[in-house]
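In this note's numbering, the protein residues as written are 9 to 80. Okay, structure first, notes after.
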Ligand code: SF4
């Protein structure tokens with residue numbers, strides 16, 4: 009479980025292979041990966057590496073990817 013940042017991908021967006029590919033590409037710290045079916049998964053052990061660049065949020069349709077800060 010991450011301590012500082014939690015990244016959420018909406019289920020419908022996660023099933024979109026093109027979007028999954030894009031997310032894997034844009035994130036500089038490899039927080040996104042694709043499972044065997046091509047669905048987007050969040051690599052939990054990397055979540056705390058998030059640099060809050062928002063590239064993933066911008067790459068996805070509005071509201072489909074959320075980056076949540078777990079600290080104040
Ligand atoms: S905000 Fe940036 S570093 Fe964080 S998950 Fe999105 S693309 Fe990766």
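Just so it is clear, CB atoms sit at the ideal spot from N, CA and C, and this is done for glycine as well.
*Grouping DSSP H, G and I as helix and E and B as strand, with all else coil, what is residue 48?*
Translated into positions along the chain shown, residue 48 becomes position 40. Of the three classes helix, strand and coil, the one that applies to residue 48 here is strand, per DSSP.
*So which residues touch the region around the ligand SF4, with touch meaning a C-beta under 6 Å from any heavy atom?*
Here the residues close to the ligand SF4, judged by CB distance below 6 Å to any of its heavy atoms, are 15, 34, 35, 36, 37, 39, 58, 59, 60, 61, 62, 63, 64, 75 in chain order.
_Whole-Å CB distance - residue 8 paired with residue 13, under 8 Å assumed_ = Since the first residue of the chain shown is 9 and the last is 80, residue 8 is not available in this structure.
*Using the rule of at least 16 other Cβ atoms within 10 Å of the residue's Cβ for burial, across every protein chain shown, is residue 22 buried or exposed?*
Position 14 of the chain shown, counting from 1, holds the residue named residue 22. The C-beta of residue 22 has 16 or more other C-beta atoms within 10 Å across all chains shown, which makes the residue buried.
*What does a CB cutoff of less than 7 Å around residue 63 pick up in its chain, not counting 5 residues either side in sequence?*
As a position in the chain shown, residue 63 is number 55, starting the count at 1. For residue 63, where only same-chain residues beyond five positions count, the Cβ hits under 7 Å are 34, 35.
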